[in-house]
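In the working numbering, the protein residues as written are 1 to 362.
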DNA sequence: GACCAGGAAATGC
DNA sequence: GCATTTCATGGT
């Protein structure tokens, strides 16, 4: 399989590649609203989950994922594990609407409610203990009560955080959405269009030159390196390609990428992948905010590696949660403006400064 | 027009 | 080892 010239049907008013001879025809081929009405509609699975000590907005707004947004109708809308998921929380009830009744993951296949509980960790509230004198951590923990690390797809998480390097979240989100649109599978759900994240073999079709053409910047040279690395692991493991990697396999992949030249994965990105998709809740990613926070609140000024080591030893098994609490609270106090905290609507991707903590009237 | 963005890799000491 | 520089692009 190969791509010839044009890479897809990215409409948004512009052809995706100016050198594509078929770009205009391609745009013309994009589905019209009439087409959507007659397209095959996936299942609509609705229901309600009872949740305790869980806060959906804190969880999805935190910045850990790039594929969720809250729409103006009050629903959180996202794509995870190939399924479109709508969520909204009403006190201790979590309403959901999904495009499939069962979901396939690296940990096996789940019925939808089991999947949601697993993905959102609704039944796994972290028991974070705070040393008596640590007032910052205590306040941060109280502020973030109900937050969870979701179980992201490792493959998507790897690519996402390579793209996130020195780029604002909004831009990273757009780039992930772009890759999904041109190479992912389209799902029409509840009158909207969604795209799943492209599998390894699809992303492997794109070259460094193509990423550069799409203005991915210096990340362009890292993507093919890491994609090829993962592709080779998958191919060596499964000649047929019918099966998929498990959690331990993905952990080995990320550890390997960290030692691979030009993978684009350094300490910080690797820790993000560990924490957000590999169940390594002890991992502490050190970014600019954590660095400032460590210096400001704890008087720790050192290299990123030293700060990471300090935080992980100090935080124990749940160091990742503790760090996330402090990170979020510190950023809340010191972010230059509300613009830094925008979320995106899932459908239009138009930015909004509506905070998820606010109660939406609808 | 600086300055920065949830940094990584190469280079200099 | 640790600090400095370079890398590309978009946003403020």
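Backbone N, C-alpha and C fix where the C-beta goes; we use that ideal spot for every residue, glycine too. On a predicted model such as this, the values are computed, not experimentally measured, just so you know.
- The beta carbons of residue 96 and residue 87 sit about 5 Å from each other, so the pair counts as a contact at 8 Å.
- Residue 321 sits in a helix when the DSSP states are folded into three classes.
- Annotated three-state conformation of residue 191 is coil, per DSSP.
- The three-state reading of DSSP puts residue 153 in coil, since its state is none of H, G, I, E or B.
- Going by beta carbons, residue 323 and residue 290 fall inside the 8 Å limit.
- Taking every protein chain shown into account, the CB of residue 105 has 16 or more other CB atoms within 10 angstroms, so this residue is buried.
- Under the criterion of beta carbons closer than 8 Å, residue 254 and residue 278 qualify as touching, at roughly 7 Å.
- Secondary structure of residue 263 (DSSP, three-state): coil.
- Taking the Cβ atoms as the reference, residue 284 lies roughly 6 Å from residue 271, within the contact range of under 8 Å.
- Nearest neighbour of residue 325 by Cα position, chosen from 147, 71, 190, 303, turns out to be 147.
- The beta carbons of residue 231 and residue 204 sit about 5 Å from each other, so the pair counts as a contact at 8 Å.
- Between residue 117 and residue 123, the beta carbon gap of about 6 Å places them in contact (Cβ cut-off 8 Å).
- Straight-line measurement puts the Cα of residue 150 at about 11 Å from the Cα of residue 115.
- Collapsing the DSSP output to three states places residue 93 in a strand.
- Cβ-Cβ distances below 8 Å link residue 169 to 63, 66 in the same chain, with the five nearest sequence neighbours on each side left out; the list follows chain order.
- Residues of the same chain with a CB within less than 7 Å of the CB of residue 152, apart from the 5 flanking positions on each side, are 65, 276, 277 in chain order.
- For residue 279, the three-state secondary structure derived from DSSP is coil.
- Short of 7 Å from the beta carbon of residue 244, and not among the five residues preceding or following it, lie these beta carbons of its own chain, in chain order: 106.
- Rounded to whole angstroms, the gap between the alpha carbons of residue 103 and residue 235 is 23 Å.
- Across the structure, residue 166 and residue 304 are spaced so that their CA atoms are roughly 15 Å apart.
- By the Cβ neighbour-count rule, residue 197 is buried, with 16 or more other Cβ atoms within 10 Å of its own.
- Sequence-distant Cβ neighbours of residue 113 in its own chain, meaning closer than 7 Å and more than five residues away, are 47, 49.
- A straight-line Cα-Cα distance of about 32 Å links residue 249 and residue 52.
- Separation of residue 321 and residue 309 (C-alpha to C-alpha, rounded to the nearest whole angstrom) is 15 Å.
- In this structure, the beta-carbon distance from residue 219 to residue 264 falls below 8 Å.
- Taken in chain order, the complete alpha helix (DSSP H) segments of 4 residues or longer contained in the stretch 40–95 are 56–61.
- For a cut-off of 8 Å, the C-beta gap from residue 307 to residue 294 is around 5 Å, short enough to register as a contact.
- For residue 288, the secondary structure class from DSSP, reduced to helix, strand or coil, is helix.
- Looking at the DSSP output, residue 102 shares a beta bridge with 111.
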